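J.: Next up is a structure, given as structure tokens.
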């Protein structure tokens, strides 16, 4: 690639970054990354796959994966769903979390506005899971009110939570794992 192509790519990337981060209230220079890695769980006394959010050089545990679903192991679910969180962040839809039904299964997804349609499917739940309970726990974890990561082991009304990700990440407890 020549210098003009690289310059054009850098300018395009900077413009795209400012468009994506503007709705979240996060400065262009702030980097938010969702990662999946093992984390020691004190309740089970073993490492479990965990979705973390990495922000300002610190990671915060978001979801600890314990159960298999649809033939996928906790590690496979962690990897796939962590990618979905990153996609939702990148496309600017992580501002609103909601619960719903897709393909006759309870889900957690994102919307771009209160009352809006699902934009990014974050996670499919087991039929016995209460999507509202998981949504409440996830909203608490993302808002810095939770005491730890959501444990995915747990006719529901639909709710929407608006998440100010920058504010939440500044308040959320830092993981020592």
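Numbering (mature numbering (1 follows the signal peptide of the UniProt record, and there is no 0)), first residue to last: -22 to -1, 1 to 155.
Ideal placement from N, C-alpha and C gives every residue a C-beta, glycine not left out.
Computed from a predicted structure; not experimentally measured.
#1: Buried or exposed: which applies to residue 16, given that a residue is buried once 16 or more other Cβ atoms fall within 10 Å of its Cβ?
#2: Do residue 97 and residue 89 count as a contact pair if the criterion is CB distance below 8 Å?
#3: So what's residue 86 in DSSP terms, helix, strand or just coil?
#4: Count the other C-beta atoms from every protein chain shown that fall within 10 angstroms of the C-beta of residue 77, then say buried if there are 16 or more, exposed otherwise.
#5: Check for me: the alpha helix (DSSP H) holding residue 17 runs from which residue to which?
#6: Tell me whether the beta-carbon of residue 40 lies closer than 8 Å to the beta-carbon of residue 57.
#7: Taking 8 Å as the threshold (C-beta atoms), are residue 46 and residue 52 in contact?
#8: Compute the Euclidean distance between the alpha carbons of residue 71 and residue 142, then round it to the nearest angstrom.
#9: How many Å lie between residue 25 and residue 65 at the Cα?
#10: Please confirm whether residue 147 and residue 67 have their CB atoms less than 8 Å apart.
#11: Under a three-way DSSP split, which group does residue 52 fall into?
#12: Which term fits residue 9, buried or exposed, when burial requires 16 or more other beta carbons within 10 angstroms of its beta carbon?
#13: Tell me whether residue 36 sits in a helix, a strand or coil according to DSSP, three-state version.
#14: Identify whether residue 24 lies in helix, strand or coil by the three-state DSSP scheme.
T.: Well, looking at it:
#1: exposed
#2: yes
#3: strand
#4: buried
#5: Careful: residue 17 lies outside any alpha helix (DSSP H), inside the beta strand (DSSP E) at 10 to 19.
#6: no
#7: yes
#8: 11 Å
#9: 26 Å
#10: no
#11: helix
#12: exposed
#13: strand
#14: strand
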